[in-house]
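Q: This is the structure I have questions about; it appears just below.
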Amino acid sequence: AQSVSQHNHHVILSEAASLELGCNYSYGGTVNLFWYVQYPGQHLQLLLKYFSGDPLVKGIKGFEAEFIKSKFSFNLRKPSVQWSDTAEYFCAALGVDTGKLIFGQGTTLQVKP
Amino acid sequence: EAGVAQSPRYKIIEKRQSVAFWCNPISGHATLYWYQQILGQGPKLLIQFQNNGVVDDSQLPKDRFSAERLKGVDSTLKIQPAKLEDSAVYLCASSLEPGGSLTNEQFFGPGTRLTVL
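Chains as they are written, first to last, in the numbering used here: chain X, 1 to 113; chain Z, 114 to 230.
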């Protein structure tokens with residue numbers, strides 16, 4: 001069965017701290033991987049995505065994620081967070097053959113000014 | 114480009130009542146999805162349409178939930194009768210094509226927050 005697990009439910013950082021949010025997926029076939037973000041009061045929007053090729057993908061607002069196939073991981077990183085990064089972050093995996101997008105449970109990031 | 118539109122944004126009903134949500138996808142997007150997001154969890158797919166046909170409704174509680182996309186554009190999701198555990202945000206999303214292609218990015222609407230008392 002396809003599943004996605006996010007390591008942290010709630011992360012609190014100070015501005016300028018580095019961020020890494022863990023994500024592991026379980027699926028027997030080929031997957032596309034996504035990170036979505038939901039800012040307070042706004043709808044889900046795509047941060048970045050991995051389909052194939054370079055396992056290090058760069059997204060909007062300075063975020064990047066690295067796909068490590070051997071670890072079934074797709075961790076999200078940002079070298080220096082800002083107060084405006086306060087949001088909920090969702091990792092998601094799409095099975096290419098099923099076309100079904102499965103989300104992790106989400107990580108709430110709170111950045112203190 | 115206009116995004117995915119949903120209405121209403123909020124709805125409060127009592128258990129055993131019925132409720133309907135409406136979604137208008139991005140123009141030209143053939144694939145439409147309804148998700149349920151319970152507080153503290155990630156979105157869970159309820160049903161996926163390709164044009165006006167159902168692709169996947171395996172997670173839809175069909176004894177009380179129904180959805181349609183009659184003309185391949187707008188869609189409605191109905192709950193009848195509602196239970197307390199249906200309290201959640203109902204998200205609609207659309208994509209140009211279904212999963213497995215480079216144009217499968219899903220764009221999400223603002224959601225409808227349903228509270229069942």
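Yeah, the Cβ is synthetic: ideal placement off N, Cα and C, and Gly gets one too.
No experiment lies behind these values; they were computed from the predicted model shown.
Indicate whether at least one CB of chain X lies closer than 8 Å to the CB of D187(Z).
A: Against the second sequence, residue 187(Z) aligns to sequence position 74. Judged by the 8 Å Cβ criterion, D187(Z) is not in contact with chain X.
Q: Using a Cβ-Cβ cut-off of less than 9 Å, list which residues of the region 135-160 of chain Z approach chain X; keep chain order.
A: Listed in sequence order: T144, Y146, Y148, Q150, G153, Q154, G155, P156, K157, L158.
Q: For A93(X), does the count of other Cβ atoms within 10 angstroms reach 16, so buried, or fall short, so exposed?
A: Stepping through the first sequence from its first residue, residue 93(X) is reached at position 93. With 16 or more other Cβ atoms within 10 Å, it is buried.
Q: Closer than 8 Å, CB to CB, is Q130(Z) near chain X or not?
A: Here residue 130(Z) refers to the residue found at position 17 of the second sequence. Not closer than 8 Å to any Cβ of chain X, the Cβ of Q130(Z) fails to qualify, so no.
Q: For a contact meaning CB atoms closer than 7 Å, what does Q219(Z) contact in chain X?
A: Looking up residue 219(Z) in the second sequence gives position 106. Neighbours of Q219(Z) on chain X, chain order: L101.
Q: Does the region 182-192 of chain Z come close enough to the region 77-93 of chain X to have 3 or more Cβ pairs within less than 8 Å?
A: no
Q: If you draw a straight line from the alpha carbon of D54(X) to that of N75(X), how long is it in whole angstroms?
A: Within the first sequence, residue 54(X) is the residue found at index 54, counting from 1. Within the first sequence, residue 75(X) is the residue found at index 75, counting from 1. Taking the straight line from one Cα to the other gives about 14 Å.
Q: How many Å lie between S171(Z) and K157(Z) at the Cα?
A: Taking the first residue of the second sequence as 1, we reach residue 171(Z) at position 58. Taking the first residue of the second sequence as 1, we reach residue 157(Z) at position 44. Cα-Cα distance, rounded: 11 Å.
Q: Can you list the residues of chain Z that Q105(X) reaches, using a CB-CB cut of under 8 Å?
A: Stepping through the first sequence from its first residue, residue 105(X) is reached at position 105. What Q105(X) touches in chain Z: G153, Q154, G155.
Q: What is the DSSP secondary structure of S179(Z), reduced to helix, strand or coil?
A: Stepping through the second sequence from its first residue, residue 179(Z) is reached at position 66. DSSP places S179(Z) within a strand segment (E or B) once states are collapsed to three.
Q: Is there at least one Cβ from chain Z nearer than 8 Å to L109(X)'s Cβ?
A: Working through the first sequence from its first residue, we reach residue 109(X) at position 109. Closer than 8 Å: no.
Q: Would you call H102(X) buried or exposed, if buried means 16 or more other Cβ atoms sit within 10 Å of its Cβ?
A: Taking the first sequence and counting its residues from 1, the one referred to as residue 102(X) is at position 102. Strictly speaking, residue 102(X) in this sequence is Ile, with His absent from that position. Counting Cβ neighbours within 10 Å, I102(X) comes out buried, since at least 16 surround it.
Q: Hey, quick one: how far does the beta strand (DSSP E) through W147(Z) stretch, first residue to last?
A: Within the second sequence, residue 147(Z) is the residue found at index 34, counting from 1. Counted as a single uninterrupted DSSP element, the beta strand (DSSP E) harbouring W147(Z) occupies residues 144-150.
Q: Determine the DSSP secondary structure at E15(X), reduced to helix, strand or coil.
A: As a working note, residue 15(X) is residue 15 in the first sequence. DSSP places E15(X) in coil when its eight states are reduced to three.
Q: Determine which residues share a DSSP beta bridge with S3(X) and list them.
A: As a first step, residue 3(X) is located in the first sequence; it is residue number 3 there, counting from the start. Per DSSP, S26(X).
Q: Is the CB of H7(X) under 8 Å away from at least one CB in chain Z?
A: Looking up residue 7(X) in the first sequence gives position 7. It does not; no Cβ of chain Z falls within 8 Å.
Q: Would you say D170(Z) reaches chain X, if we count a Cβ-Cβ gap shorter than 8 Å as a contact?
A: Position 57 of the second sequence, counted from the start, is the residue given in the question as residue 170(Z). It does not; no Cβ of chain X falls within 8 Å.
Q: Taking the continuous beta strand (DSSP E) assigned at T107(X), which residues delimit it?
A: Here residue 107(X) refers to the residue found at position 107 of the first sequence. From DSSP, the beta strand (DSSP E) with T107(X) extends over 107-112.
Q: Determine the DSSP secondary structure at G222(Z), reduced to helix, strand or coil.
A: The residue you call residue 222(Z) lines up with position 109 of the second sequence. DSSP places G222(Z) in coil when its eight states are reduced to three.
Q: In three-state DSSP terms, what is L197(Z)?
A: By 1-based counting over the second sequence, the position of residue 197(Z) is 84. Residue state, collapsed to three classes: helix.
Q: Does the beta-carbon of G99(X) have 16 or more other beta-carbons within 10 angstroms, so that it is buried, or is it exposed?
A: Here the question's residue 99(X) lines up with position 99 in the first sequence. Buried, by the Cβ-count rule.
Q: Going by Cα to Cα distance, which pick from A195(Z), N137(Z), L230(Z) is closest to P121(Z)?
A: On the second sequence, residue 121(Z) is found 8 positions in, with the first residue counted as 1. Considering only alpha carbons, the answer is N137(Z).
Q: Below 8 Å between beta carbons: does that hold for N149(Z) and A201(Z)?
A: For this step, residue 149(Z) is matched to residue 36 along the second sequence. For this step, residue 201(Z) is matched to residue 88 along the second sequence. Reading the sequence as shown, one finds Gln at residue 149(Z) and not Asn. Yes, the pair counts as a contact, with Cβ atoms nearer than the cut-off.
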